[in-house]
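Participant: Take this structure first; my questions come after.
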Amino acid sequence: MSKIQDEQMVVEILTFFYPNSSISEYDITNDLGDLAAEMYAEALEASNSMNLVPRPSYTPSFSWLIKEGVKAVWRSKGGDDIYESVRATVALKYKSQFQMERLGI
172 MSKIQDEQMV VEILTFFYPN SSISEYDITN DLGDLAAEMY AEALEASNSM
222 NLVPRPSYTP SFSWLIKEGV KAVWRSKGGD DIYESVRATV ALKYKSQFQM
272 ERLGI
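Going letter by letter, the sequence shown gives residues 172 to 276 in our numbering.
Put into structure tokens, the structure is as follows:
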């Protein structure tokens, strides 16, 4: 990948986590790139863990447990989707570090 494509990807990742921040490719530093990679990896890991959480049901039975197990496996094979709750949590966790990196501190 070229440097320009890398910077575009970093902008997309940071915009995903902080949609109200205006981030351009000119603002990207190596530290911001590292931060974006760390945030994305953590979000993917947390979302994969969320795929294993059974969805609530009013009739807990053995067949319900089997169905939820199948659904969990299906969700885990689904791809790189990130849950909104995970996105918000990761964004909050890294907010101070993100702002400091943008300021060059």
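No residue lacks a Cβ here, since even glycine has one placed at the ideal position from N, Cα and C.
1. Thinking just about the alpha-carbon of each residue, which of L223, L274, E239, Y265 is nearest to the one in L185?
2. Along the chain, where does the alpha helix (DSSP H) containing E272 start, and where does it finish?
3. Skipping 5 residues on each side, what residues in its chain have a beta carbon closer than 6 Å to that of V182?
4. Kindly give me the distance between the Cβ atoms of E272 and D202, rounded to whole angstroms, as I take these residues to be in contact under 8 Å.
5. Is the distance from the Cβ of N219 to the Cβ of A243 below 8 Å?
6. Taking the alpha carbon of R258 as the point to measure from, which residue in Q268, V241, E239, M210 has its own alpha carbon closest?
7. May I ask you to report which of helix, strand or coil DSSP gives N191?
Facilitator: According to the structure shown:
1. Y265
2. 266-274
3. Taking V182 as the centre and dropping the five residues before and after it, the same chain places the C-beta of I194, E196 closer than 6 Å to its C-beta, in chain order.
4. Contact annotation, E272 with D202: C-beta distance approximately 5 Å; criterion of less than 8 Å satisfied.
5. no
6. M210
7. coil
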